[in-house]
Each structure stands twice: as C-alpha cells, then as structure tokens.
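Have a look at the structure below, then the notes.
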Amino acid sequence: MAIKRILVYPEDCLKQKAKPVKIFNDPALKELVQDMLDTMYDAPGVGLAAPQIGVSLRVAVTDVDWKSEGAEKNHQVWINPEFLWKSGETEITEEGCLSLPEIYGDVERPNAVRLRWYDLDGKKHEEDFDGFQAVALQHEFDHLDGKVFIDYFTPLKRRMITKKLKKKYLS
Ligand code: NI
Numbered sequence: 017m018a019i020k021r022i023l024v025y026p027e028d029c030l031k032q033k034a035k036p037v038k039i040f041n042d043p044a045l046k047e048l049v050q051d052m053l054d055t056m057y058d059a060p061g062v063g064l065a066a067p068q069i070g071v072s073l074r075v076a077v078t079d080v081d082w083k084s085e086g087a088e089k090n091h092q093v094w095i096n097p098e099f100l101w102k103s104g105e106t107e108i109t110e111e112g113c114l115s116l117p118e119i120y121g122d123v124e125r126p127n128a129v130r131l132r133w134y135d136l137d138g139k140k141h142e143e144d145f146d147g148f149q150a151v152a153l154q155h156e157f158d159h160l161d162g163k164v165f166i167d168y169f170t171p172l173k174r175r176m177i178t179k180k181l182k183k184k185y186l187s
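With this note's numbering as the guide, the letters of the sequence shown map in order to residues 17 to 187.
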C-alpha cells in the first residue's frame, strides 16, 4: 500500500500526453494501479489518472459511488481507454479535480459514450456509459491527453486559476 503525492496543476506531467501501456499482466502495472487506488481513496476522490501521480501512462481508476451513503467500494481500472462514440446530446456538470484543489466549475460534455479499454490482464472490453459515469470517464481520460477541466474555461479564467494554484501549492 502506497499513497502517492498528487501533482497540482500546472505541474509538467499533468500537461503531457501519456503513453499507452504495452505490457499487461505485469507486477509493475499492478503495483501502479494499487498505488493509484490507495491514493484515490485516501484523497478522497472518485477518480484518478496515472499522470496525477507523475506516471505518464494511459491508466485511470474510478469509483464513482463509494462516497455515497451506504455504498461499498467498487473500483474500476481503465487501461488505454478510447472513446468509440460520444453522444451529440450534452449535459453540464460541476466538476472538480484532485489536481486542482478547491477549484470547481461547470463543464459541458456529451452525456453518453461508448468506450473500449483494456483490463490489467490485457483483456479488451467495450461498453456504453451515460450520466455521471460518462462525465467522470471523460474527465479522467482528458488527463491522459494532458488536459484538465479548466481547459474548457476562458483563457482569462484559466490564467487566474493557474496563478492562484501556483502561488498556493507550488511556490
Ligand atoms: Ni481530475
């Protein structure tokens, strides 16, 4: 069990395009995923992408329900995820991110997606998701492309938030 430091935007790794995982069923990959889960639950958060702990690989973990009352932990691991389809219909959700502490804002995204991804053993999966799950997955997988939710804001707002985060957490 290892809780890792969560990078704060605009630290470098959060702005880089992450590399695909090539070797599956691998102890190092399993350890990375375990560290990500430990870090996510400790934070506490509902999703975490590998670049958020400084590892530039296309891996993310989520557990969107565990913080609801009476819910049990039920995590999912997403490796090399790829959207095969996104709905034309969108919805606006207030988002936050462990890498942008205390920053929240509305983001408009497609409200349904079809996803292809791989599990730890390298098995391929395809499934449709909608509602909060679809939004959460898009948020997490943006991290794999070096993108964060404030990239959807105006340049001015983004600059103000970046300045604030730098001053508070990175100086
Ligand atoms: Ni995030």
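In this text, a Cβ means the ideal position worked out from N, Cα and C, and glycines have one as well.
Bounds of the beta strand (DSSP E) holding Leu100 are 92-102. As summarised for the segment 93-166, the continuous alpha helix (DSSP H) elements at least 4 residues long and confined to that stretch are 147-160, given in chain order.
Close to the ligand NI, as judged by a C-beta nearer than 7 Å to any of its heavy atoms, are the residues Gly63, Ala65, Gln68, Cys113, Leu114, Ser115, His155, Glu156, His159, Val164, Phe165, in chain order. Positions of the alpha helix (DSSP H) runs, each at least 4 residues long and wholly inside the segment 36-86, are given as 43-58 in order along the chain. For Thr178, the uninterrupted alpha helix (DSSP H) segment begins and ends at 171-185.
Cβ-Cβ distances below 6 Å link Glu142 to Arg132 in the same chain, with the five nearest sequence neighbours on each side left out; the list follows chain order. Inter-residue distance for Glu107 and Gly147 is about 9 Å (C-alpha atoms, whole angstroms).
If you draw a 10 Å sphere on the C-beta of Leu45, you find 16 or more other C-beta atoms in it, and that means buried. Residue Ala65 holds the alpha-carbon nearest to the alpha-carbon of Val24 among Thr170, Asn127, Val129, Ala65. By a beta-carbon distance limit of 8 Å, Val129 contacts Trp101. Their separation comes to about 7 Å.
Gln154 counts as buried, since no fewer than 16 other beta carbons sit within 10 angstroms of its beta carbon.
Between His159 and Pro36, the C-beta spacing is not below 8 Å.
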